[in-house]
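When we follow my numbering, the leftmost residue of the sequence shown carries the number 8, and every step to the right adds one.
We put the beta carbon where it would ideally sit given N, CA and C, even for glycine.
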Amino acid sequence: MKQNGVFAHQVPAGVRKPVILPAEIPPGVDWVTLPNGVRTLAYTQNSTPPPPAAVPAAQPVPAWAKTTALRGPTVGGGIAPAGIGLSYAALGLIAMNA
């Protein structure tokens with residue numbers, strides 16, 4: 008396709024073509040050839056979606072964590088009655104020290 012003696016994909020003599028280095032091309036942009044034969048940069052889409060991120064495998068619970076978790080209610084249940092017992096015994100302890 009000629010316009011004024013110059014092919015449409017040719018650059019006139021007085022016009023400088025912009026230069027872009029391959030390292031400057033951002034991700035998702037690539038060289039494409041248009042139907043009229045002109046090569047240009049364009050946004051492209053991946054034909055295949057990226058693979059899903061791998062889910063890390065579940066780690067087994069360490070033995071010390073299991074025993075600590077089982078001891079928690081036992082220790083807590085023992086501390087509460089001990090506090091109540093001390094509150095009842097406090098009057099007698101105070102009386103013995105006076």
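- For the 8 Å CB-CB criterion, T51 and V36 form a contact.
- Collapsing the DSSP output to three states places T75 in a helix.
- Annotation: T81 to A72 spans about 15 Å, alpha carbon to alpha carbon.
- Between A49 and V39, the C-beta gap is smaller than 8 Å, which places the two residues in contact.
- Per DSSP, L98 has no beta-bridge partner at all.
- The DSSP-derived three-state label of T47 is strand.
- The three-state reading of DSSP puts T81 in helix, counting H, G and I together.
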